[in-house]
Amino acid sequence: MSRDAEIREFVDSLAEVDPPSDQSVNIYRNTVRCANLIRWLSGFDDTSQSMIFVGEAPGRDGGAITGIPFVSPMVLTSVNDPWGEFGYETQYELPVGQDANHRERTATRFWKHVPPRFSELHRPLTWNIYPFWPFAYAKGGKRINRAPTKDEIGFGAWWLVRVVEMYPNAQVVAVGVKAQDTLESIGIDAPLVPHPSRGNDEKLIKSLERVAGDLRHLERR
Numbered sequence: 219m220s221r222d223a224e225i226r227e228f229v230d231s232l233a234e235v236d237p238p239s240d241q242s243v244n245i246y247r248n249t250v251r252c253a254n255l256i257r258w259l260s261g262f263d264d265t266s267q268s269m270i271f272v273g274e275a276p277g278r279d280g281g282a283i284t285g286i287p288f289v290s291p292m293v294l295t296s297v298n299d300p301w302g303e304f305g306y307e308t309q310y311e312l313p314v315g316q317d318a319n320h321r322e323r324t325a326t327r328f329w330k331h332v333p334p335r336f337s338e339l340h341r342p343l344t345w346n347i348y349p350f351w352p353f354a355y356a357k358g359g360k361r362i363n364r365a366p367t368k369d370e371i372g373f374g375a376w377w378l379v380r381v382v383e384m385y386p387n388a389q390v391v392a393v394g395v396k397a398q399d400t401l402e403s404i405g406i407d408a409p410l411v412p413h414p415s416r417g418n419d420e421k422l423i424k425s426l427e428r429v430a431g432d433l434r435h436l437e438r439r
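One rule links them: number in my numbering = place in the sequence shown (from 1) + 218.
As structure tokens, this is what we get:
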């Protein structure tokens, strides 16, 4: 099977499945998000020693809109990244009715701090241990983010394993403790960087510099 066919099959498998909870949305039942994810996966250099950053789950204001983990509409349309992935001339699209200026704190911090540390390296990939949007109801009926349950994480493990298998040369990095524990449960010993939502920029920067330095060391070997 060709790489393109493998990626399309992967995305189709996401789009067709029912999440294991009524309070979990399959964000890939949308053709724009599917197309964005196909482009995101296809543009990753799987022959390089690059990074796959694995987080927890899509956020309401980020990946749940764009279909790309850690990417909000604002990042998608406005960030001037060194790989030419995002910005005003981006090839990605937003679902109908979505505001291009919509922000998410996690996505903003991630793409503020990652490019300066990885600009000389290949564009990193992002994924989550649970690929769908888990939500809870706040007062007034508004849907808000929540952490995925143990059952949901187990349900998402198949796609997590598939992403790692599709890019066997990439170095996997856990974004947050829950992601690290999940990766360990499937046999992947991944270095940890703090989740951007925690707000400790200094700790996040130091962790990113460490993993970027490790990657440069691997490329020199």
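Beta carbons are placed, not taken as given, at the ideal position from N, Cα and C, and that holds for glycine.
- Residue pairing for I286: DSSP places it in no beta bridge.
- The C-beta of V379 has fewer than 16 other C-beta atoms within 10 Å across all chains shown, which makes the residue exposed.
- In this structure V381 does not touch F271 by the C-beta definition: roughly 11 Å separates them, more than the 8 Å allowed.
- The C-alpha of Y310 lies about 17 Å from the C-alpha of P342.
- Residue environment: D407 is assigned as exposed (fewer than 16 neighbouring CB atoms within 10 Å of its CB, all protein chains considered).
- The Cβ atoms of R278 and I362 lie closer than 8 Å to each other.
- Burial check for M292: the Cβ neighbour count within 10 Å reaches 16 or more, so the residue is buried.
- In the three-state DSSP reduction, S239 falls in the coil class, being neither helix nor strand.
- At a Cβ-Cβ threshold of 8 Å, I225 and P276 do not count as neighbours.
- Annotation: V411 to F304 spans about 23 Å, alpha carbon to alpha carbon.
- Taking all protein chains shown into account, A388 has 16 or more neighbouring C-beta atoms within 10 Å of its C-beta and is therefore buried.
- The closest CA to that of G431, considering only M384, N298, D230, F336, is found on F336.
- Here the stretch 395-407 does not lie against the stretch 420-430, with fewer than 3 beta-carbon pairs under 8 Å apart.
- Our two residues, S268 and S239, have alpha carbons roughly 34 Å apart in a direct line.
- For N363, the secondary structure class from DSSP, reduced to helix, strand or coil, is strand.
- Nearest Cα to R364 within the set A233, F353, W258, A318: F353.
- Inclusion of H320 and I347 in the CB contact set at 8 Å is not warranted, their separation being larger than that value.
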